[in-house]
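Report on the structure given below.
2 protein chains.
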Amino acid sequence: MNDPLHVFFHPRGVAVLGASANPTKLSYGVIHNLVTHGYLGPIYPVNPKGGEILGLKVYPSLTDVPDPVDLAVIVLPAGQVAAALEECGRRGIRHAVLIASGFGELGAEGKEHEEQLRQIARQYGIRFIGPNCVGVLDTYTPIDTTFSRTMPGQGPIGLVSHSGAVCGGTMDWANVVGVGFSRIVSLGNQADIDMADALDSLSADPHTRVVAAYIEGLPDGRRFVEAARRLTARKPLVVLKAGRTPSGTRAVASHTGALAGADQAFLAACRRAGAIPVDSLEELVDAAIALAYRRPPAGPRMVILTNAGGPAAVGADHLDRHGLRLADLSPQTQARLREVCPPGTMTGNPVDMLGGPQADHYTAALRVLLDAPEVDGVLALFVPQAITPVYDVAVAVGRATETSEKPVVCCISGGGGIRAAARALHAHSVPHYLTPERAAFGLGALWKYARIRERPVPDPEPVEGMDRGRIAALLEGKSGVLSPQEGAEIAAACGLTVPPSGVAVSADEAAALAEGMGYPVVLKRVAPGLTHKSDAGGVVVGLKSADAVREAFARMVRAEERALVQKMAPAGVEVVVGAYRDPQFGPLVMFGLGGVYVEVLRDVAFRMAPLPRAEAREMIAETAAGRLLAGVRGQAARDIEAVVDALCRVGWLMEEFPQISEIDLNPLIVGERGAWAVDVRVVIR
Amino acid sequence: MNDPLHVFFHPRGVAVLGASANPTKLSYGVIHNLVTHGYLGPIYPVNPKGGEILGLKVYPSLTDVPDPVDLAVIVLPAGQVAAALEECGRRGIRHAVLIASGFGELGAEGKEHEEQLRQIARQYGIRFIGPNCVGVLDTYTPIDTTFSRTMPGQGPIGLVSHSGAVCGGTMDWANVVGVGFSRIVSLGNQADIDMADALDSLSADPHTRVVAAYIEGLPDGRRFVEAARRLTARKPLVVLKAGRTPSGTRAVASHTGALAGADQAFLAACRRAGAIPVDSLEELVDAAIALAYRRPPAGPRMVILTNAGGPAAVGADHLDRHGLRLADLSPQTQARLREVCPPGTMTGNPVDMLGGPQADHYTAALRVLLDAPEVDGVLALFVPQAITPVYDVAVAVGRATETSEKPVVCCISGGGGIRAAARALHAHSVPHYLTPERAAFGLGALWKYARIRERPVPDPEPVEGMDRGRIAALLEGKSGVLSPQEGAEIAAACGLTVPPSGVAVSADEAAALAEGMGYPVVLKRVAPGLTHKSDAGGVVVGLKSADAVREAFARMVRAEERALVQKMAPAGVEVVVGAYRDPQFGPLVMFGLGGVYVEVLRDVAFRMAPLPRAEAREMIAETAAGRLLAGVRGQAARDIEAVVDALCRVGWLMEEFPQISEIDLNPLIVGERGAWAVDVRVVIR
């Protein structure tokens, strides 16, 4: 796989524009980090004043800088960046990092300014990172173009972030607890290089074993999903997206001006991408260290090894919340535990060694548990006590896990010596957590990844019997909300089962239509602005004769109005299949209980469209409507595959006809064999 | 209010039984803490060997100890505790702390052992804490009977815990970040003094401003709720309960042998008690420090003041999740901010001072925001940067809030100097958090408490028209599942509206009953083991004539079987009203959508029974069924007060007739006026 950011991490020479000898300036920090964090290529500070910085000659202009130079770090005020970028282009530098803020995050004017940068870049074939970023680093090259005070150690985590502060905060924490990074990419406003480029780069990087991404905006959500899919085919991806609630959206908008996607669309994108979404900065690092240091478990059966019952009980509750459970330890395993644990140890699960275990007891007990075939993973928990040093326990836990591929996470809480213990654990590839609930979250992330790896989401299968020509003809010249009859025709052309129907302008015409299709029929009043026909007494069902049809028409339909006559579908479960277009992630399909229930229950599932049948089945299974379709109280199961088919067809319809902004089959009546779209609402933009 | 633990915190003298001069022994730790943590009364180590410990004379036996001595701390092995307690009784000591483990947590034998302790205590009028605990402390007396390595500073938090490790871990953390405690009570197995006693004690203690409780088991959940209600009338209560999931329950059972309540029952108990339930140890302390240091906000309008956009966006998302939102800052406020903030500051909300604020900017901006009438609280967020020391920012935030009663929480993340910053913030009564999401959680806890204070749950009102004598007569001698007819009679006696019904053994009898009550009627087959009658074709609705009733009887009801004839209720929304008995919290009522939906939707609400009408309204409002009753798509609202009435009646029925183990009105058909219990299932134990 090609690394689109290869040169950023392996330049043959770096120029720093706006170089300053003043140690309080960012540009000094950049030069300082390039020099002291191990970059072996030539470094060229550039400043018209000339002079010397950290022993390096300062070049008065970029034209004076000798070859080779592949990368420019531009640390100039916003107003000077465009000219500097142009200078890079003229000098033949094709890669740049733009540190300055004061662009798109300020509003329309700033966005124009960014567009100017993009034009210059296009003209000279430049790729650039930023503006409004803190730079990039690779601990293995090594190269550090940031002005951060600290350089993280080498390690398995690749971090990409729209926020520089999130990079800085994460590096600070990582240094304290001895967690290392492979690469850090601060994207800033991503005016050129974006999240998808960064994911492709980290996917290609052999030192990156897990990717943690902090996301604010994704102008092209589909591009992100495609890159994430490529990445998750090789390694795990954890994503935190800010702006998923009304307040968060507002915070993001004022920050980087990025458009924040609806929460449902983002979660659907994560499912398709095989990414693990998290809700907080703490969860981002908690999941990342678990996935960086341990392999996913083969199953959900966990053991808690502890010296304290209370925290173990909290940990057990949280294992359960993440779909894991306490393993049933065999009599053999329990006997072996009794041999190696302190007297009085409770060998059930949690394995509670009570108040007095030594570090050796942790090693011995862990070895027994990791050998046990009924155990898929271990949460080792130690509450500091006077007689056993926490550092010794950390080393003991680390050593015991060296030869096992099963996941082990360790919670050592409170008090002094925790930092040293955390560093020792991470040095042994055991993730450390301060509380049992966070340790359980780490195991939960591994379990999520295990299931993602087992069942990657396939590409959407094509559907047969979609009459694209007829759909295009039906949509031709239309706009706004289509009539029910038009909606029904589009659904039929899409390959959905639609009861025969026709539009009548008189009672006699309605009766004639009914005679032609056979009874019973439904009569629906057609009038502009009637979205929910049942609101206004606009539907009569179960009409069984021509007279009944005439009578209903006369009673319900006013002069100048018309009526839809539709053959009644067989009885069945009423569900809704819908789709809309998210501004970032494109078309999404929706499924839930039909009729009024969709509003009161809010129990609906979303997926990106088009979708593979596997995702359609999954979204049905996770709703109440799905449980109803599966058959309750001895009722026969309904035709779930017919719903799967409807979801897939609607998904392709949205994909292939971008002029459709919304479609709703509500209800889709699902029988024991087949499903009937009896009311189709289509909106054209 | 009386403090049931007064003497434990104010003894006129303390004896330590099992005193040892060996510094690795727990008893040495107890004496050490009594001596060095400031207890001013006499301390009497007791050990048959005599000698001296830490300069104190060791008494060979308790009889030698001089007066006054009110409290004994027994640090002897489990096997010697009973004899020692008896010795205390004979010596006239009426209060004891039992440290030893090896009792009820080990199983049946240990439980008998605890019962023996209770008998001795009853005989001598002794109250004791433990066994299997780490003791109690009060930082204001001061007295510390624990063997913990550290003594927390004075502060507003009272902590009570079934787990000694949770006490220890919390004290360790609190010492590091400078958070103080008023009292800590480690309850252990609570064989005598229990959670309710501890809550009453902390309620009475003037130094305790918030109570944090870690709970494993509550043998008498109602007692807990009553004590918690007394406490929350005065101060906030945060509770973490372990054992709320299958795995957690197992962990608790193996730990203290306590019976863990179902999650629903626990949450219903918290609502009644006005307590704030949390899910993790981290949330327990995060909520406790917010409630300890700040007053609840007057409204949900929050401001985020920050030097970094990314973490602010994450914080904004989490504010939203806790029911808070970003305040709209007035033009005046924004103008004042522009005067005092660094150039370029974004004065919307979040207020983003970008990369360069000094500590003074935080003080000035906070003062503006705390003065603004449109602001109910502030999340101050600072990501460490090279030029501004974190300690200065902490002091600046602390000082700015000194004169304001609005809540302010502070997130300073990552890097060095955090401990000093946290201590400075706590010294100024500003809670410190490491991440924006946890700071938002702190504000969320304050907002929860604001709403609890505004609307305390009243006592359940009595209901009229319950014929208790008739109910008792109907229940007399019954057991198991009652017949639908018996169920209907109990419901009617309870004051619920039940359609007329009767049981028929023949088609003619059924027809005669139907003629008497008027049409339409429903015919329901009555046969043992038919729980869901609709499963087996056992119900025919809408019979409109005697012939139709005869025909349906003949077709459906087999020889030797009977049928219930019931007048059909008017059309309406079908809901379920049910109740069951939780082993810890007693009767609970349930509400949700009726019929098959209760199973597929799992959208039900629970409350403790009997319940006040306010809680009944609240539980209806939080379900999909409630939204349906309120009227959707222009449908008329249904009679919600009739459902409220049914919930209250069923609640009182459960309370007053403990022989009823379960009752279900499914469905209760709710019309525009009135609600009909058409199918009543009652189970007698």
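These protein sequences, in sequence, are chains A and B. Those letters in the first sequence? Residues 625 to 1309, by this note's numbering. Those letters in the second sequence? Residues 625 to 1309, by this note's numbering. Ideal Cβ positions, reconstructed from N, Cα and C, are used throughout, including at glycine.
Within the segment 913-937 of chain A, Met926, Ile928, Thr930, Asn931, Ala932, Gly933, Gly934, Pro935, Ala936, Ala937 place their CB atoms closer than 9 Å to a CB of chain B, listed in sequence order. Comparing alpha carbon positions, the residue from B/Thr957, B/Asn1290, B/Ala1248 closest to B/Val1200 is B/Asn1290.
The C-alpha of A/Trp1071 is placed about 36 Å away from the C-alpha of A/Val631.
The closest CA to that of B/Gly934, considering only A/Gly792, A/Ala1048, A/Gly734, is found on A/Gly792. Burial check for A/Val693: the Cβ neighbour count within 10 Å reaches 16 or more, so the residue is buried. Taking 7 Å as the cut-off, the beta carbon of B/Ile1095 is found no closer than this to the beta carbon of B/Val1306.
Per the Cβ contact rule, the segment 1241-1248 of chain B is in contact with the segment 1214-1228 of chain B (3 or more Cβ pairs under 8 Å).
In the three-state scheme derived from DSSP, where H, G and I count as helix and E and B as strand, A/Arg1251 is classed as helix.
Under the three-state reduction of DSSP output, B/Asn657 falls in the helix class. A Cβ of chain A is located within less than 7 Å of the beta carbon of B/Arg1251. Closest in C-alpha terms to B/Val1197, from the list B/Val964, B/Thr765, B/Trp1300, B/Ile1076, comes B/Trp1300. In this structure, DSSP gives A/Pro780 an extended state, which the three-state scheme calls strand.
Below the 8 Å Cβ cutoff, chain A contributes no neighbours of B/Leu1235, its closest Cβ being approximately 23 Å away. For B/Gln1190, the closest of B/Tyr1204, B/Ala1136, B/Ala1233, B/Asp1206 by C-alpha to C-alpha distance is B/Ala1136.
Rounded to the nearest whole angstrom, the CA to CA distance from B/Lys735 to B/Glu710 is 18 Å. Between the beta-carbon of A/Leu1188 and that of A/Pro1124 there is about 11 Å, and that puts the pair past the 8 Å contact cut. Within 7 Å of the CB of A/Val1007, the CB atoms of chain B belong to Ala789, Gly792, Gly793, in sequence order along the chain. One alpha carbon belongs to A/Gly872, the other to A/Val1129, and they sit about 51 Å apart. Going by DSSP, B/His1050 is part of the alpha helix (DSSP H) stretching over 1042-1051. Interface flag for B/Glu1061 against chain A is set, since a Cβ pair is found closer than 7 Å. Rounded to whole angstroms, B/Tyr764 and B/His831 show a C-alpha spacing of 8 Å.
Between A/Gly980 and the set A/Val1014, A/Thr957, A/Gly1001, the nearest pair of CA atoms involves A/Val1014.
With a cut-off of 8 Å on Cβ pairs, the segment 900-915 of chain A is not in contact with the segment 990-1005 of chain B, counting fewer than three such pairs. Cβ-Cβ separation between B/Gly788 and B/Val758: approximately 4 Å, consistent with a contact (criterion under 8 Å). Nearest CB-CB separation between A/Ser1130 and chain B: not below the 7 Å threshold. With contacts defined as CB atoms closer than 7 Å, A/Pro1234 and A/Glu1265 fail to qualify as a contacting pair.
Taking C-beta atoms under 8 Å as the contact rule, A/Leu823 and A/Ala851 qualify, at a distance of about 4 Å.
The three-state secondary structure of B/Ile900, taken from DSSP, is strand. Look at A/Arg1262 here: in three-state DSSP terms it is coil, with no helix or strand label. According to DSSP, B/Arg751 shares a beta bridge with B/His719.
CA-CA distance, A/Ser644 to A/Ile1284, rounds to 55 Å.
Residue range 1131-1141 is occupied by the alpha helix (DSSP H) that includes A/Glu1133. Among the CB atoms of chain B, none fall inside 7 Å of the CB of A/Ser644.
According to the DSSP assignment, B/Asn799 belongs to the alpha helix (DSSP H) that extends over 788-801. In this model, A/Pro974 and A/Asp952 are separated by some 10 Å (Cα to Cα).
Residue environment: A/Ser1037 is assigned as buried (16 or more neighbouring CB atoms within 10 Å of its CB, all protein chains considered).
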